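Asks:
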Amino acid sequence: MVFWLVACAGFRFEEGDSADSGDTSAPATSDWCDDTYSTSAPAEADCATGTMTCGDVELATTEGGYRAYDGEQYPPLFCFPNLDRSTYAGSERIYVVELAAEQYAEAVLSASCARMGLSVMRWPKPGTCPTGETDVTVCEGKEGTGTLAVTFGGYETENRWVIVVDTAEEDPAAFRLALACAE
């Protein structure tokens with residue numbers, strides 16, 4: 000119940016909050032959009048490119064990532080509405096986040112290089128990944144350009160999540176993803 004109240008109230012981690020956030024401010028777009036990043040397939044046994052912990056910042060590209068979601072699947076999963084009817088046909092990068100009991104976090108995506116989607120799904124099944132055909136009971140997302148942020152967590156048990164970063168169309172794009180956590 001607290002999670003929904005926090006989510007509905009537009010909770011944001013701000014400077015000075017009790018959080019292990021590191022610096023989540025994005026550098027100027029020209030500083031990283033044209034850089035070269037690894038295009039390797041996910042190294043994990045499942046779909047995940049890696050894990051993130053509180054304070055981590057990832058600079059990466061969607062190129063070479065896992066390919067499981069498209070624009071038709073996001074609305075039924077309630078991850079984001081896909082109002083533009085984008086294809087989301089390219090590959091996505093997925094990161095696993097394991098939070099402490101009842102801990103909240105905020106994923107902040109800088110989508111300055113292309114229109115993107117940020118989706119966070121509760122996924123308590125290690126060794127597997129949600130797919131477009133999987134029932135995901137808790138999912139929240141944003142889509143667009145600029146800064147996209149999603150607050151998640153708060154579960155007493157199985158507070159494990161996957162963060163999905165996807166481009167709105169098929170072309171890959173660079174992104175900056177930061178994870179801030181409340182204590």
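In numbering that gives the first Met the number 0, the protein residues as written are 0 to 182.
Cβ atoms here follow ideal geometry from the backbone N, Cα and C, with glycine treated the same way.
None of these values were measured; they are calculated from a predicted model.
(1) Using the Cα positions of Glu62 and Glu91, report the straight-line distance between them to the nearest angstrom.
(2) Considering only residues of the segment 116-178, which uninterrupted beta strand (DSSP E) runs meet the minimum length of 3 residues and lie entirely inside it, listed in chain order?
(3) By a C-beta neighbour count over all protein chains shown, 10 Å radius and 16 as the cutoff for buried, is Leu82 buried or exposed?
(4) Between which two residues does the beta strand (DSSP E) harbouring Arg92 extend?
(5) Please identify the residue among Ala179, Val164 and Glu57 whose C-alpha is closest to the C-alpha of Arg66.
(6) Give me the residue from Ile162, Cys78, Gly64 and Asp45 with the minimum Cα distance to Lys141.
(7) Pick from Ala47, Tyr94 and Pro41: whose alpha carbon is nearest that of Cys53?
(8) Comparing C-alpha positions only, which one of Thr38, Cys138, Asp55 and Glu57 sits nearest to Trp160?
(9) The beta strand (DSSP E) spanning Leu82 covers which residue range?
(10) To the nearest angstrom, report how far apart Ser39 and Gly64 are at their CA atoms.
Replies: Taking the coordinates as given:
(1) Numbered from 1 along the sequence shown, position 63 holds the residue referred to as residue 62. Numbered from 1 along the sequence shown, position 92 holds the residue referred to as residue 91. About 7 angstroms.
(2) 138-152 and 159-166
(3) For the purposes of this step, residue 82 is taken as residue 83 along the sequence shown, with counting starting at 1. Exposed, by the Cβ-count rule.
(4) Your numbering for residue 92 matches position 93 in the sequence shown. Glu91 to Glu97 is the extent of the beta strand (DSSP E) around Arg92.
(5) Working through the sequence shown from its first residue, we reach residue 66 at position 67. The shortest Cα separation from Arg66 among Ala179, Val164 and Glu57 belongs to Val164.
(6) On the sequence shown, position 142 is the one that residue 141 refers to. Minimum Cα distance to Lys141 is reached at Cys78.
(7) If you number the sequence shown from 1, residue 53 lands on position 54. Closest by alpha carbon: Tyr94.
(8) For the purposes of this step, residue 160 is taken as the residue at position 161 of the sequence shown. Measuring from the Cα of Trp160, the nearest candidate turns out to be Cys138.
(9) The residue labelled residue 82 in the question sits at position 83 within the sequence shown. Counting along the chain, Leu82 falls outside any beta strand (DSSP E), and DSSP gives it neither H nor E.
(10) As a first step, residue 39 is located in the sequence shown; it is residue number 40 there, counting from the start. As a first step, residue 64 is located in the sequence shown; it is residue number 65 there, counting from the start. Approximately 7 angstroms between the Cα atoms of the pair.
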